[in-house]
Amino acid sequence: MTAAPSSWLVRRWRELVAEPANTPLWATGLRHRLADGTAPTGRPASGMAGGLFDADGFVTRSPGRLLGMLHGAAVGETTARHDMRGTERTAALLCALDGLTGAHTELRARGRADPARAVLAGQRRWLRSRGVPAGAAVERSGAEPSRDRLPDDPRLVGSGGGDPVMLAELARLDVGMAPGTPEHPGNGVEAAAAVPLGAVAALWAEDDRSAFRLGSEIAAATHGGPRGHLPAGVLAVLVSRLLRGAGLAEAAERAIEQCSHAGISGELSEAVRLARFRPANTLPTRGNLVAAADGGTGSGALAIALRAALSASGDPATAIRLAASHDGDVVTSATLCGQLLGALRGPEEITGSAPGTPEIAPLLERVAEAAVTEFGPDPVGLPAGEEEHSAELSGQREDDSGGSSESAAGLAGSAWAPRFARAVLGCAVGEALGGAVTGDSWREIRDRYGEEGLREYVPAGHPSGRIGSDTQLLLFTLEGTIRAGVSRRTLGGVPRPTRHVQHAYQRWLHTQHLSWPRAAGEFLSVAPEPDGWLVGLRGLFQTRSPGRTMMRTLIAFAKGQQAMGSPEEPISDSDGSSALLRAVPAMLWTPRADETFRVATEAAALTHGHATARLSAGALGVIVSRLARGEGLTEAVDAAESELSRHPEHDPVASRIASARRLAESGVVEPERLERTLGTGFNAAEALAIGLYAALVVEGDFAAGLRTAVNHSGNSGVCGAVTGALLAMSADEEIPEHWTQQLELGETVRTLAEEGCLEFGPNPPETPEWFERYPAS
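If you count by the numbering used here, then the sequence shown holds residues 17 to 793, one letter each, in order.
1) Between the Cα of I587 and those of G192, Q578, V388 and Q274, spot the shortest distance and give me the residue it belongs to.
2) How big is the Cα-Cα spacing for I751 and F718?
3) If we count the other Cβ atoms within 10 Å of its Cβ and call it buried at 16 or more, is P161 buried or exposed?
4) Quick one: Cα of M566 to Cα of M580, how far?
5) When we look at the beta-carbon of V453 and count the other beta-carbons within 10 Å, is it buried (16 or more) or exposed?
6) Quick check on F74: does DSSP put it in helix, strand or coil?
7) Output needed for A235: all residues of its chain with C-beta closer than 7 Å, excluding positions within five of it in sequence on either side, in chain order.
8) Could you please give me the residues that DSSP links to N699 through a beta bridge?
9) Which whole-angstrom value describes the C-beta separation of S226 and I280, a residue pair presumed to lie in contact below a C-beta threshold of 8 Å?
10) Report, in whole angstroms, the separation of the C-beta atoms of A599 and A629, which I expect to be a contact under 8 Å.
11) So which of W755, G466 and L489 has the shortest CA-CA distance to V734?
12) Does the beta-carbon distance from E375 to R101 come in below 7 Å?
13) With a 10 Å radius around its C-beta and 16 neighbouring C-beta atoms as the bar for buried, classify N779 as buried or exposed.
14) Here's the rule: buried if 16 or more other CB atoms are within 10 angstroms of the residue's CB, otherwise exposed. What is H728?
15) Would you mind reading off the limits of the alpha helix (DSSP H) that contains V288?
16) Quick check on F557: does DSSP put it in helix, strand or coil?
17) State the Cα-Cα distance for the pair S410 and T487, rounded to the nearest angstrom.
18) Is F69 helix, strand or coil when you go by DSSP?
19) Please classify L259 as buried or exposed, where buried requires at least 16 other C-beta atoms within 10 Å of its C-beta.
20) Exposed or buried, what is N297 when buried is set at 16 or more other beta-carbons lying within 10 Å of its beta-carbon?
21) Are the Cβ atoms of A448 and G481 separated by less than 7 Å?
22) So, for E788: in the same chain, excluding its five sequence neighbours on each side, which residues have a beta-carbon less than 7 Å away from its beta-carbon?
23) Answer with buried or exposed for T506, where buried requires no fewer than 16 other C-beta atoms within 10 angstroms of its C-beta.
24) Per the contact definition of three or more C-beta pairs closer than 8 Å, is the region 354-374 in contact with the region 87-102?
25) Measuring CB atoms only, is the region 357-371 touching the region 386-395, in the sense that at least three cross pairs come out at less than 8 Å?
26) Take S457 and list the residues in its own chain whose beta-carbon comes closer than 7 Å to its own, dropping the five residues that flank it on each side.
27) Mind the definition here: the region 673-683 touches the region 698-710 only if three or more C-beta pairs lie below 8 Å; say whether that holds.
28) Please state if the CB of A134 and the CB of L116 are separated by a distance shorter than 7 Å.
29) Please specify which runs of the beta strand (DSSP E), each continuous and at least 3 residues long, are wholly inside the region 341-402, giving them in chain order.
30) Hey, A635 and V669 are a contact pair by Cβ (cut 8 Å); roughly how many whole angstroms apart?
31) Are the region 655-668 and the region 638-646 in contact at 8 Å, needing three or more beta carbon pairs?
32) Could you spell out the range, first to last residue, of the alpha helix (DSSP H) harbouring Q518?
33) Locate the alpha helix (DSSP H) running through N13, then write down its first and last residues.
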């Protein structure tokens, strides 16, 4: 008796999905569509659209591509080693993905997490599997993932001891040493072993830029040379695009664009070109591969893997053997080739062409399934104790007083909070001092106040210590950021605070004597009245000569004449310095330099569209973030310059910063020379440079720094504010009362800054009063 067609279909379907490694991509996609009717248009539960999502929602074939990427790594590695147990690189990749999955759980539970730190915790798990006992730092912090998703298993150990550099660096971190970063590498190693780990960043990244950054950070923890960690960023972008269904050549071109290192991008671009324009029906020879790339470096291994994958994309087995045919690190290049083709073609075509099944395969499927569930549109709920697990994963432990030894902003210890509060106060003090002489020439200042110029607050037609319009806007920027934080943890779906900051600026516009219906713009539909506590302070309903660009753009937004400004779609060509101070709150949103930079540039772009204004704000945001970590000012500026260099049109800002540093080496110079060298401060890059010079040259003397920053021709108010913030953060003590007691709305400034620290600290308030002060939207 012949089986009914429907029975045959059901049986065939069950066969297809029974073994994930043998499931074709179309079946994976269909299974996810059938399992959840919301899947095609679902959104990430954390509000962060990673590699499983595109503009239309959840990509139903992405889970199969993720599993294919893992299987490809295992097949590539075992092929190169000729050993089905030889999967130590794949095990490291698996531990990294497990750590990142735990970080996403933490993000859902707490509204924030540090993915690079979580991956490092996963790497420590891999270190344990190599037989290395936990060091003192790990024993104190407990900073390793739980074994729920990735249990102890001999298959995790496999054969082979592990890459010597990675073992040595992780062991060094185990005893409390700081991990390397792209800005501050721990070594100069350019070997390839850490590059495959960059692939996991694809799940976390919002866009190509953040994928590249996180992938590079992950590899830089152990491999500090540019060729050792930047290719991991390229791989992250590649995998991110492949998971969404892009072709390999297209994904490679977009990924290489993210790498500003000419040598690395040139090597990778040449690999793509050679693969694309090879003679028909030919493959590169071993000699071809060796001549075109140094397979011993990370960039060379990735170039060989790319060339092999593009040259034989329809035959994974041949491509992987080709990637292992050179004189360098054949294990890493074959692993990378397998990752690329697995993410492109799915697990069925990778495993079907493999000479055998790697012993680690069942663990790949377990961890991939957990990652897809966690990063997908419908993750499981947070079980009891999950927040405790999340704290362990990120290195947060409860201290004896019941508090957290790591702030929720991702910054070590609790000292970041008073540093941030001092930064906000320092801005207000600096503008209050310099505002009295903003626009005056140095000759006019000297004639009025003596040979040394302005030294103290002066009435100047109004009470001394009066805050300016840029301080007002700083306060509303901070308030908008706090409200974005409340919304992120209570409502979700807030990747960055930009829209909440725009709403805050419309509330500020209301304080400039416009009725709320005229000032609100599109926010009137959700806020019939201006809400929150800040806009209710009558002391802020004062016009303090705000910049024309600020007023014009906000009024145009209120009238519906233009949309929100962004770095990609600027709404003005202003490079003015009024955009600068709003960078200070950006550090609250994220501990990562690239994201801090982005948050600051987006806030600036709401009104100031010129690249100089946006990038100057981004650079200041990174400097503030680094100072909050306790780094010195010189190191903080190094980090800002490094991040700045990644962005087009950075030369004018980078040049001003470099000039400020050189001038500071000359000691305190006369105001005329300062103006000739750095400008007047009405341009954002000039104000940043003058403020930075004054902070560097006085070596921590707050009063001397302020006086240096304001005594020159030009925008003394903003220059003083920048210096005030930098020096206040660099000091271990509070700003002298001499400056804060006379500050207009000083208690308001302090309160708002401290409440920003509360919202982004380890235990944000949950009271009705808090949600009334900072309504979610």
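Virtual Cβ for every residue (Gly too), placed ideally from N, Cα, C.
Since the model is a prediction, treat every value here as computed from it, not as a measurement.
Looking at the coordinates:
1) Q578
2) 8 Å
3) Reliability of the predicted coordinates at P161 is poor, the pLDDT of 46 falling under 50, and the value obtained from them is presented with this limitation in mind. Looking at its Cβ environment, which holds 16 or more other Cβ atoms inside 10 Å, P161 is buried.
4) The alpha-carbon atoms of M566 and M580 are separated by roughly 13 Å.
5) buried
6) Note: F74 maps to strand in three-state DSSP.
7) A210, V211, L213, G214, G244, H245 and A248
8) Answer is G592, bridged to N699.
9) Wrong, their Cβ atoms sit about 19 Å apart, outside the cutoff.
10) Not quite, the Cβ-Cβ distance comes to about 10 Å (not below 8 Å), so this is no contact.
11) L489
12) yes
13) exposed
14) buried
15) Where V288 is concerned, the enclosing alpha helix (DSSP H) stretches over A278 to R292.
16) Correct three-state label for F557: coil.
17) The predicted model places S410 with a pLDDT of 33, which falls under 50 and marks its position as unreliable, so this point remains unresolved.
18) strand
19) buried
20) exposed
21) yes
22) none
23) exposed
24) Yes: at least three Cβ pairs fall under 8 Å.
25) no
26) S729
27) yes
28) yes
29) Counting whole runs of 3 or more residues, the region 341-402 contains no beta strand (DSSP E) stretch at all.
30) 6 Å
31) Yes, since at least three Cβ pairs between the region 655-668 and the region 638-646 fall closer than 8 Å, the two stretches touch.
32) T514 to T527
33) Nothing about residue 13 can be read from this structure; the chain reaches only from 17 to 793.
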